[in-house]
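Visitor:
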Amino acid sequence: MSGAAGPGANLSALRSHNAALVLRLLRDAGEDGVSRLELAGRTGLTPQAVSKITARLRAEGLAAEAGQRASTGGKPPTALRLVPGARHAIGLHLDRDELTAVLVDLAGTPVAARTAPFDFGAAADEAMAAATAEVRALLADAGAGGTESGGAAGGGAGEAGGAADGVTGGLAGGGNGGAVDAGSAGSVGGGTGGAAGGGTGGADTAGTGVAAGGAAAGAGGTGSRAGGGAGDPDSAGATGATGATGATGTTGTAGTTGTVGPAGGGGLLGVGVAAPGPLDHGSGVLHRVTGFPQWDGFPLRDALAERLALPVVLDKDTNAAALGLATAGTTESAAYLHLGTGLGAGLVLGGDVYRGARTDAGEFGHQVIQLDGPPCGCGNHGCLEALCLAAVARGDRKDAARLLGIGAANLVRLLDIDRVLLGGRVVLADPEPYVRGVAALIAEDSARASRPTVPVDVVERGGRAVVEGAARLVLAPLFALG
209 MSGAAGPGAN LSALRSHNAA LVLRLLRDAG EDGVSRLELA GRTGLTPQAV SKITARLRAE
269 GLAAEAGQRA STGGKPPTAL RLVPGARHAI GLHLDRDELT AVLVDLAGTP VAARTAPFDF
329 GAAADEAMAA ATAEVRALLA DAGAGGTESG GAAGGGAGEA GGAADGVTGG LAGGGNGGAV
389 DAGSAGSVGG GTGGAAGGGT GGADTAGTGV AAGGAAAGAG GTGSRAGGGA GDPDSAGATG
449 ATGATGATGT TGTAGTTGTV GPAGGGGLLG VGVAAPGPLD HGSGVLHRVT GFPQWDGFPL
509 RDALAERLAL PVVLDKDTNA AALGLATAGT TESAAYLHLG TGLGAGLVLG GDVYRGARTD
569 AGEFGHQVIQ LDGPPCGCGN HGCLEALCLA AVARGDRKDA ARLLGIGAAN LVRLLDIDRV
629 LLGGRVVLAD PEPYVRGVAA LIAEDSARAS RPTVPVDVVE RGGRAVVEGA ARLVLAPLFA
689 LG
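Residues 209 to 690 (this note's numbering) make up the sequence shown, in order.
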């Protein structure tokens, strides 16, 4: 879905979508906010529907007054704004030799970040343990301390994005507790605290308040509650009992799941993970990552969700960066080319991230450009990635840029995109020769085809483009994006 808010729909089945549209407009309005009348005009919703949605958003602490607008006659309208710190999300970038983690608020603004060595060649359990440890360390860095005051409970069997009963619900994972219905279950991480989980096998049924579930109970804390009335928002500031009986489960044990939220009580919506492809975004399963065949078929999303007791979304590293471009609304058509320990592409087409029929699009580095070329880790010969990384290894930036430019020109000609963005540690270490070299190849190819060339730039977020995009995997459904 593109960055424009688009029309809403006055149907009960689309209450979640309508709430997400309103929330997106509140986000886009910034600190100045937007009035209810303006929200109605931009979404196509009735003023009554907007009033109901904004009342629920305010009750959950997601929206607040931003002052009054100038009156055109009658009572001055009150503007509303998003409360960025009301919820948070984590982004993880699992590179072949490095892990980066970031905690962001609803506006996507980083609150805390960490980088640590990571061995993608390690055994799966060891790698997942390392990722889990970094998430916990990140939350400690953010000042979470030892109190479990935020966070949403849930397993990892599925992703349910967007709003719940017309109010934000975030991502609700099923896993051991069973899936939570995003259209009717209560909000994940509602109010100013977290969702209290049920016992083993516990799961919310449609319309029963807090999204709960997973193998073990989430601890109570400031603003959390166990169970709840049908569709009721969580009570902001109410004190939840640690280990209280869940809606359908048994008494939980505080601290066993590690569902820790950031300081300040903002609920933790989930974790977005960006990893090398190929992988299946829908099922959260890795395929045969080049050079690491042992990961083929590994259910990374569910494995990490079980360890963290948080909803997890998995996508390619390049798609995560592309999502950052798409959700920012700055481009309708672009290719993000990532040259680091591998070479891949993230595509934005028509304002949306393009993942392909099997969510495996973007294997840009494995286009064969030299039939009798050197072997590639994927099993082919003469792949662009193998040739480009070989040039990087011998210190020949000019040739590496030339090869990258050949691939980029092919992509521009094939998809008729209007912008190319470069990123990845190799490019970012010395951007100028890559930008110049890629732009020159695209310009030459465009001239031969008698069409305008396209601009080539370094991605705006630089080294954080992928990890911050990973966090947006969690945030995007809240705003009807992604």
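Cβ atoms here follow ideal geometry from the backbone N, Cα and C, with glycine treated the same way. In this text the structure is predicted, and so the values were computed from the model without any measurement.
Does the distance from the C-beta atom of Ala287 to that of Gly269 stay below 8 Å?
Guide: no
Visitor: With respect to the beta strand (DSSP E) encompassing Arg322, which residues constitute its N-terminal and C-terminal limits?
Guide: Residues Pro318 to Pro325.
Visitor: Would you call the region 678-687 and the region 226-235 in contact, with 3 or more CB pairs under 8 Å?
Guide: yes
Visitor: Per DSSP, what kind of secondary structure is Ser658 in: helix, strand or coil?
Guide: coil
Visitor: DSSP state of Ala678, grouped into three classes?
Guide: helix
Visitor: For Ala337, count the other beta carbons within 10 Å of its own beta carbon; 16 or more makes it buried, fewer makes it exposed. Which is it?
Guide: Exposed, because fewer than 16 other Cβ atoms sit within 10 Å of the Cβ of Ala337.
Visitor: Buried or exposed for Gly478, going by 16 or more other Cβ atoms inside 10 Å?
Guide: That one is buried.
Visitor: For the beta strand (DSSP E) that contains Ile261, what are its first and last residues?
Guide: Premise fails: Ile261 lies in the alpha helix (DSSP H), Pro255 to Ala267, not in any beta strand (DSSP E).
Visitor: Can you tell me whether Arg644 is buried or exposed? The criterion is at least 16 other CB atoms within 10 Å of its CB, across all chains shown.
Guide: exposed
Visitor: Taking Thr340 as the reference, which of Ala324, Gly490 and Gly329 has the closest Cα?
Guide: Ala324
Visitor: From Glu514 to Arg344, what distance separates their C-alpha atoms?
Guide: The straight-line gap from Cα to Cα measures roughly 14 Å.
Visitor: Could you check where the beta strand (DSSP E) with Leu623 kicks off and where it finishes?
Guide: Careful: Leu623 lies outside any beta strand (DSSP E), inside the alpha helix (DSSP H) at Arg605 to Leu623.
Visitor: Taking the C-alpha atoms as reference points, what is the distance between Thr535 and Gly690?
Guide: 7 Å
Visitor: Name the one or two DSSP bridge partners that Val479 has.
Guide: Ile298 and Val520
Visitor: Going by C-alpha distance, which of Leu595, Arg566, Asp560 and Arg289 is nearest Ile577?
Guide: Leu595
Visitor: Three or more beta-carbon pairs under 8 Å between the region 526-533 and the region 667-675, yes or no?
Guide: Output reads yes: the region 667-675 touches the region 526-533.
Visitor: Buried or exposed: which applies to Arg264, given that a residue is buried once 16 or more other Cβ atoms fall within 10 Å of its Cβ?
Guide: buried
Visitor: Does DSSP classify Cys591 as helix, strand or coil?
Guide: strand
Visitor: Tell me which residue opens and which closes the alpha helix (DSSP H) that Asp525 is part of.
Guide: Asp525 to Ala536
Visitor: What are the residues that DSSP puts in a beta bridge with Val646?
Guide: Paired residues: none, contrary to the question.
Visitor: Mind the definition here: the region 658-672 touches the region 573-590 only if three or more C-beta pairs lie below 8 Å; say whether that holds.
Guide: By the Cβ rule, the region 658-672 does not count as touching the region 573-590, because fewer than three pairs are nearer than 8 Å.
Visitor: Could you tell me if Arg563 is buried or exposed, where buried requires 16 or more neighbouring beta carbons within 10 angstroms of its beta carbon?
Guide: Burial is judged here by how many other beta carbons sit within 10 angstroms of a residue's own beta carbon; Arg563 has at least 16 and is buried.
Visitor: For Gln276, write down the residues that DSSP places opposite it in a beta bridge.
Guide: For Gln276, which the question treats as bridged, DSSP gives the partners Thr286.
Visitor: What is the DSSP secondary structure of His546, counted as helix, strand or coil?
Guide: strand
Visitor: Indicate the three-state DSSP secondary structure (helix, strand or coil) for Ala365 in the structure shown.
Guide: Model confidence at Ala365 stands at a pLDDT of 33, short of 50, so the residue's coordinates are unreliable; what they give is reported in the following sentence. Correct three-state label for Ala365: coil.
Visitor: Select from Ile298, Pro318, Arg566 and Thr317 the residue whose C-alpha is nearest the C-alpha of Glu342.
Guide: Ile298
Visitor: Tell me whether Arg566 is buried or exposed, calling it buried when 16 or more other Cβ atoms sit within 10 Å of its Cβ.
Guide: exposed
Visitor: If you check the beta carbons only, do Leu307 and Ala320 fall under 8 Å apart?
Guide: no
Visitor: If I'm right that Tyr544 touches Leu629 with Cβ under 8 Å, what's the distance once you round it to whole angstroms?
Guide: 5 Å
Visitor: Quick check: what's the CA-CA separation for His489 versus Val521?
Guide: 8 Å
Visitor: For Thr308, report the span of its beta strand (DSSP E) as first-last.
Guide: Glu306 to Asp313
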